[in-house]
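Before any comments, here is the structure.
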Amino acid sequence: MSVTIQDEVLDRNNLNKAYLRVKSNRGAAGIDEMTVDELFQYLRENKEELTTSLREGSYKPLPVKRVEIPKLNGGTRKLGIPTVIDRMVQQAVVQVLTPIFEEIFSENSFGFRPNRGAQDAIDKVISYYNQGYKRVVDLDLKSYFDNVNHDLMIKYLQQYIDDEWTLKLIRKFLTSGILDNGLFVKSEKGTPQGGPLSPLLANIYLNELDKELTKRGHRFVRYADDCNIYVKSQRAGERVMRSITKFLEKQLKVKVNTDKTRVGSPIKLKFLGFSLGVDNKGGYARPSKESQKRVRQALKMTTKRNRGISLNDMFKEIYQKMRGWLQYYSIGRMTTFIRRLDQWLRSRIRQYIWKQWKKPKTRFVNLKKLGLSQQDAYTFAMTRKGYWRTAHSKTLTYTLTNRKLEQLGLINMSKVLQSIQSD
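This is the structure in structure tokens:
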């Protein structure tokens, strides 16, 4: 007797693995207010009942909780947070379906896939550019996750899954509804972001776009709903843009945002936070101007001089922010930018320390500890210069040296970047 997808999903080891994944991912409670920490006790008492209801088809997911988070470029992104029980069941399904669809997905799809990421996508972009594909059709899908057609979604799943139980369970998740500020809203379309199943379904749906682009012989890179098609001329790009827009809207019932979809140079347009630069060896990646501005603004907010937190806590915050940022952008050229950011950040920290010292007496004592003579310490402690000017003074850069700030725990971004890039 062959093993079905249902058997694999409900296998004890698969369910345990799903539980551990949900537990490690943490995340907010759904509409039933059950937390990740409470899930273990629930499963101890109700696991048999849960698996029986799943096997018999009586399991019914609860509506997702609507949450809105700010987007980096303004506006908000709508999320749908399933209950922790529903998240575990979704994760169990994902663990079984992922290997099946990994055999099917395009080599040009990079988002929400194992052992693939944004850096791989950017490497592909650079290779296209260096092959002479120097115009890009930058597709913008309007509220893609909220507009996935459920009937088409099931149809695309049926191409690869001959398992009625799995298809019915997935449709239940798609149609479970949304609780938005206490009001129940039917989910007649869409696969709300927030659960483990949504990214996989999003990729299965847009795999139809990948197949069409491949059939037409296009060079493209897709990361979830961000898709760029690379061509050799503006004219070709405009022709492809019209044609693919028609395909997306008629065949996939996906709305293309015509105000944001455009044809241009990958040097001027950004993709996944990167833009391209060019030298005599060809194209290379770098953090986009917007990405650079955002990280500087984030550091500015973290180091506001009136925050009133300890230096140690501030340095931990900075390290957590910057380690991930540097890791993500490490394939890009940014040595000069990071060196300047290091210099600016150290000035921000000197300003913060000066503000913390506050009174002339405290400043005098601390400056003496840092090696100034009594006379120089007294003179500088009485300065009336503003905080920012003081942070740039020779006295403060001499006493609160770069090395001293590192010893206190401040990240040296240039060193961290060098370490990441040399691994």
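Heads up: the sequence shown begins at 470 in my numbering, then just goes up one per residue.
All C-beta atoms, glycine included, are put in the ideal place defined by N, C-alpha and C.
Just so you know, these numbers come straight off a predicted model, no measurement behind them.
Checklist entry - Less than 8 Å separating the beta-carbons of V553 and V605? => result Position 84 of the sequence shown, counting from 1, holds the residue named residue 553. Position 136 of the sequence shown, counting from 1, holds the residue named residue 605. The answer is no: Cβ separation not under 8 Å.
Item to check | Where the alpha helix (DSSP H) containing Y847 begins and where it ends | outcome: For the purposes of this step, residue 847 is taken as the residue at position 378 of the sequence shown. Here the alpha helix (DSSP H) through Y847 covers 843-850.
Checklist entry - Is the beta carbon of V617 less than 8 Å from the beta carbon of K658? => result Here the question's residue 617 lines up with position 148 in the sequence shown. Here the question's residue 658 lines up with position 189 in the sequence shown. Taking a C-beta distance under 8 Å as the contact criterion, V617 and K658 qualify as a contact pair.
Checklist entry - Which residue spans inside the segment 533-558 form an unbroken beta strand (DSSP E) run of at least 3? => result Whole beta strand (DSSP E) segments, 3+ residues: 533-539, 545-550.
Checklist entry - How many angstroms separate the CA atom of T804 from the CA atom of L836? => result Numbered from 1 along the sequence shown, position 335 holds the residue referred to as residue 804. Numbered from 1 along the sequence shown, position 367 holds the residue referred to as residue 836. Going by C-alpha positions, T804 is about 33 Å away from L836.
Next on the checklist: Excluding the 5 residues flanking R817 on each side, which residues of the same chain have their C-beta closer than 6 Å to its C-beta?
Outcome noted: Locating residue 817 in the sequence shown gives position 348, where the first residue counts as 1. Once the five neighbours on either side are set aside, the close Cβ partners of R817 are T772.
Checklist entry - Apart from the five residues just before and just after N672, which ones in its own chain have a Cβ nearer than 8 Å to its Cβ? => result Taking the first residue of the sequence shown as position 1, residue 672 is located at position 203. The residues are F570, F574, S578, G580, F581, R582, A693.
Checklist entry - Would DSSP call N577 helix, strand or coil? => result Here the question's residue 577 lines up with position 108 in the sequence shown. N577: coil per DSSP, three-state reduction.
Item to check | Where S744 falls: helix, strand or coil (DSSP) | outcome: What you label residue 744 is simply residue 275 of the sequence shown in a count that begins at 1. It is a strand residue.
Next on the checklist: Taking the beta carbon of N650 as the centre, do at least 16 other beta carbons fall within 10 Å, making it buried, or is it exposed?
Outcome noted: Translated into positions along the sequence shown, residue 650 becomes position 181. When all chains shown are included, N650 counts as exposed.
Checklist entry - Should G467 and L548 be called a contact, given that it needs their Cβ atoms to be closer than 8 Å? => result Because the chain spans 470 through 892 in this model, residue 467 falls outside it and cannot be assessed.
Next on the checklist: Going residue by residue through the segment 589-663, where are the continuous beta strand (DSSP E) segments of at least 3 residues, counting only ones entirely within it?
Outcome noted: Entirely contained in the segment 589-663, the beta strand (DSSP E) runs reaching 3 residues are, in chain order, 604-609, 647-649, 652-654.
Item to check | Cα-Cα separation, V885 to R792 | outcome: Residue mapping note: residue 885 aligns to position 416 of the sequence shown, counting from 1. Residue mapping note: residue 792 aligns to position 323 of the sequence shown, counting from 1. In a straight line, the C-alpha of V885 is about 8 Å away from that of R792.
Next on the checklist: Could you tell me the alpha carbon to alpha carbon distance between V725 and Y867, rounded to whole angstroms?
Outcome noted: As a first step, residue 725 is located in the sequence shown; it is residue number 256 there, counting from the start. As a first step, residue 867 is located in the sequence shown; it is residue number 398 there, counting from the start. Between the alpha carbons of V725 and Y867 lies a gap of roughly 57 Å.
Checklist entry - CA-CA distance, V491 and Q510? => result As a first step, residue 491 must be located in the sequence shown, where it is residue number 22. As a first step, residue 510 must be located in the sequence shown, where it is residue number 41. Whole-angstrom Cα-Cα distance: 14 Å.
Next on the checklist: Suppose the cutoff is 6 Å on Cβ atoms and the five residues either side in sequence are ignored; what does the same chain contact list for V478 look like?
Outcome noted: Residue 478 sits at position 9 when you count from the first residue of the sequence shown. Excluding five sequence positions before and after V478, the CB atoms of its chain that fall closer than 6 Å to its own CB belong to A561, V562, V565, given in chain order.
Checklist entry - Which residue's Cα is closest to the Cα of Y894: Q812, N781, R755, Q766? => result Any question about residue 894 goes unanswered here, given that the chain covers just 470 to 892.
Next on the checklist: Buried or exposed for M470, going by 16 or more other Cβ atoms inside 10 Å?
Outcome noted: Here residue 470 corresponds to residue number 1 of the sequence shown, with the count starting at 1. Note that M470 has pLDDT 49, beneath the 50 cutoff, so the model's placement of it is unreliable and no number is given.
Next on the checklist: For Q588, which residues in the same chain have their Cβ closer than 6 Å to its Cβ, ignoring the five residues on either side in sequence?
Outcome noted: In the sequence shown, counting from the first residue as 1, residue 588 sits at position 119. Around Q588: I800.
Item to check | Where S779 falls, given that 16 or more other Cβ within 10 Å makes a residue buried | outcome: Here residue 779 refers to the residue found at position 310 when the sequence shown is read from its first residue. Exposed, because fewer than 16 other Cβ atoms sit within 10 Å of the Cβ of S779.
Checklist entry - Hey, is the segment 597-615 in contact with the segment 720-735, meaning 3+ C-beta pairs nearer than 8 Å? => result By the Cβ rule, the segment 597-615 counts as touching the segment 720-735, because three or more pairs are nearer than 8 Å.
Item to check | Selected residue, minimal CA-CA separation from P532, among R704, P661, Y753, S842 | outcome: By one-based count along the sequence shown, residue 532 stands at place 63. Considering only R704, P661, Y753, S842, the residue with the shortest C-alpha distance to P532 is P661.
Checklist entry - From N494, L682, Q600, pick the residue whose C-alpha is nearest to that of M557; which is it? => result Translated into the one-based positions of the sequence shown, residue 557 becomes position 88. Taking only the C-alpha atoms, the option nearest M557 is N494.
Item to check | For E807, the nearest candidate out of V764, K828, T831, K838 (CA to CA) | outcome: On the sequence shown, residue 807 is found 338 positions in, with the first residue counted as 1. The question names Glu, but residue 807 is Ile in the sequence shown. Checking every option, the nearest Cα to that of I807 belongs to V764.
Next on the checklist: Pairs of beta-carbons, one from the segment 512-530 and one from the segment 590-600, closer than 8 Å: are there three or more?
Outcome noted: Verdict: no, contact absent.
Item to check | Best match in K534, N676, G586, T473 for proximity to Y625 [C-alpha to C-alpha] | outcome: Taking the sequence shown and counting its residues from 1, one reaches residue 625 at position 156. Looking at the Cα atoms, N676 is the closest of the given residues.
Checklist entry - How would you label K534, buried or exposed, when you count the other beta carbons within 10 angstroms and need 16 or more for buried? => result The residue given as residue 534 occupies position 65 in the sequence shown. By the neighbour-count rule (16 or more Cβ atoms within 10 Å), K534 is buried.
Checklist entry - Which two residues bound the contiguous alpha helix (DSSP H) that contains D506? => result Taking the sequence shown and counting its residues from 1, the one referred to as residue 506 is at position 37. Here the alpha helix (DSSP H) through D506 covers 505-525.
Checklist entry - What number of angstroms, rounded off, separates the C-alpha of V709 from the C-alpha of K790? => result Residue numbering aside, residue 709 sits at position 240 when the sequence shown is read from its first letter. Residue numbering aside, residue 790 sits at position 321 when the sequence shown is read from its first letter. Cα to Cα, V709 sits roughly 39 Å from K790.
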